[in-house]
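Trainee: Next up is a structure, given as structure tokens.
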Amino acid sequence: MWIVIGGGVVILLLVVAVVVMLIRGGEGGGEGGGPVADPSKKPEETTEETTEGGGGEGGGPKGEPPYALPEDPCSAFSEATAGEYGLTDGSKSLTDTSSSCMYTAESLGGDGYANVSVQYQVPYGGSDSIEGAKTQFQDNVEYATDESSDIIPTKVHENEELNLGEEAAIIFTTQEIAGTKSSVATVLIREGNINVEVEFTESNAYDAPKSAPAPLKFDDVESMMNALGDESLGLIGS
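Note that this note's numbering has the sequence shown beginning at 337, numbered continuously upward.
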């Protein structure tokens with residue numbers, strides 16, 4: 337029975353994460369000129385499973401904006417980085433305004449379960465609009481720090497600026513879904529007309545006591561999130 341309950345909680349958390357990524361990928365992000373979508377891309381969403389290691393090398397974006405969405409977001413992280421943090425089973429999702437990949441990850445707390453996602457976004461109303469991307473960045477920060485949700489109770493513990501891209505922030509929160517507490521670390525970066533979101537979520541084991549705190553502290557994930565955020569920029573303009 338506990339195995340069935342635990343499996344149900346894991347599935348629920350993954351479904352919520354995927355739905356949130358898809359919804360945010362299609363939300364408006366400001367005004368600006370330029371085409372609404374790249375005509376070379378199909379309008380419908382496509383998904384693909386991949387288990388290959390990433391090829392990201394960090395070092396910042398290549399070329400000048402406006403940038404196109406990466407075609408293979410699951411190559412954001414190098415094989416070494418993927419191995420260090422146990423990133424496996426990368427599953428990518430592409431739309432006209434977003435390019436994202438979700439991985440399972442090794443637990444940092446010992447006996448919980450974890451995942452990492454990376455998402456690249458362009459403004460919905462004009463994919464080459466830098467002003468639209470600036471507005472989208474602020475919207476993303478507000479979303480990640482929103483403590484008003486009755487659906488997913490959230491407590492913000494850290495919200496700091498980062499020296500990545502043209503503007504960036506690292507945010508650490510604790511959340512509770514279906515009685516299971518989770519630690520969520522998010523790095524948000526804007527480079528030109530592209531917004532990047534890297535998110536790490538670790539949840540308590542299914543049989544953890546209800547009174548158990550969220551599994552991680554900010555210090556547990558700060559270094560990892562800085563590394564993942566920096567490496568994610570390597571796909572921009574590539």
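Virtual Cβ for every residue (Gly too), placed ideally from N, Cα, C.
1. Is it true that the CB of residue 453 sits closer than 9 Å to the CB of residue 439?
2. Below 8 Å on the Cβ atoms is my contact criterion, and I expect residue 417 with residue 563 to pass it. Report the Cβ-Cβ distance as a whole number of Å.
3. Could you spell out the range, first to last residue, of the alpha helix (DSSP H) harbouring residue 476?
4. Whole angstroms are fine: how far does the CA of residue 425 sit from the CA of residue 496?
5. By the three-class DSSP mapping on this structure, what secondary structure does residue 519 have?
6. Where does residue 418 sit, in a helix, a strand or coil, going by DSSP?
7. For the putative contact between residue 448 and residue 567, defined by C-beta atoms under 8 Å, what is the C-beta separation to the nearest angstrom?
8. In whole angstroms, what is the alpha-carbon distance linking residue 573 and residue 543?
9. Three-state secondary structure (DSSP) at residue 565?
10. Does the count of Cβ pairs from the stretch 516–530 and the stretch 476–483 closer than 8 Å reach three?
11. For residue 446, does the count of other Cβ atoms within 10 angstroms reach 16, so buried, or fall short, so exposed?
12. Quick one: using the 10 Å Cβ neighbour count with 16 as the cut-off for buried, is residue 535 buried or exposed?
13. Taking just the CA atoms, how far does residue 515 sit from residue 398?
14. If you run the structure through DSSP and keep just helix, strand and coil, what is residue 554?
15. Between residue 531 and residue 463, how many whole angstroms is the CB-CB distance? I'm expecting something under 8 Å.
16. How long is the line joining the alpha carbons of residue 484 and residue 433, rounded to whole angstroms?
17. Please classify residue 559: does DSSP put it in a helix, a strand, or coil?
18. Could you check the C-alpha separation between residue 509 and residue 486 for me, to the nearest Å?
Mentor: Straight from the coordinates:
1. Cβ distance < 9 Å, so residue 439 and residue 453 count as in contact.
2. 7 Å
3. 466–480
4. 30 Å
5. strand
6. helix
7. Not confirmed; about 24 Å, so no contact.
8. Roughly 45 Å between the two C-alpha positions.
9. helix
10. yes
11. exposed
12. buried
13. 44 Å
14. helix
15. No, residue 531 and residue 463 are not in contact; Cβ-Cβ is about 12 Å, not under 8 Å.
16. 27 Å
17. helix
18. 15 Å
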